[in-house]
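Numbering (this note's numbering), first residue to last: 4 to 143.
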């Protein structure tokens, strides 16, 4: 078992320190776990709300509106389920010591990018190349 890493409340990863040192890894691990827990809390609240909302609505317009809201909520939950899978994948990369490195080039992903999108697996340059290739294939 690893020793607990002390992380000051106001800690932010900086380019001046070694890339993916213990403090940076712990910072991103906590960030990912907090994000995951927040999504799971929202999901539980939604499920409870949807169970409470299963009622017979006589007015057809109100029922249609309720069904539309429900479908939107379910699509949102599906996106969040996929996001949780990406968060879990990032947490696995942390455990394996691969977090923070581009899957395409092996180069470090910028701390700024990881802070904004902690599930990123590609550097900004590799992501842009990937999106350009996708766009070319979509236009065919």
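Ideal placement from N, C-alpha and C gives every residue a C-beta, glycine not left out.
Between the CA atoms of residue j and residue i - distance to the nearest angstrom
| i | j | result |
| --- | --- | --- |
| residue 123 | residue 27 | 15 Å |
| residue 117 | residue 71 | 35 Å |
| residue 62 | residue 75 | 20 Å |
| residue 7 | residue 66 | 52 Å |
| residue 19 | residue 137 | 35 Å |
| residue 85 | residue 38 | 13 Å |
| residue 110 | residue 126 | 8 Å |
| residue 14 | residue 128 | 27 Å |
| residue 98 | residue 25 | 12 Å |
| residue 91 | residue 60 | 39 Å |
| residue 12 | residue 82 | 31 Å |
| residue 121 | residue 23 | 13 Å |
| residue 64 | residue 89 | 38 Å |
| residue 41 | residue 87 | 10 Å |
| residue 141 | residue 68 | 34 Å |
| residue 33 | residue 96 | 14 Å |
Where residue i falls: helix, strand or coil (DSSP)
| i | result |
| --- | --- |
| residue 30 | helix |
Limits of the alpha helix (DSSP H) - the one that residue i falls within
| i | result |
| --- | --- |
| residue 74 | 63-99 |
| residue 17 | Careful: residue 17 lies outside any alpha helix (DSSP H) and carries neither H nor E. |
| residue 114 | 114-119 |
Contact check, residue i vs residue j, beta carbons under 9 Å
| i | j | result |
| --- | --- | --- |
| residue 43 | residue 94 | no |
| residue 31 | residue 102 | yes |
| residue 114 | residue 16 | yes |
| residue 107 | residue 132 | yes |
| residue 80 | residue 46 | yes |
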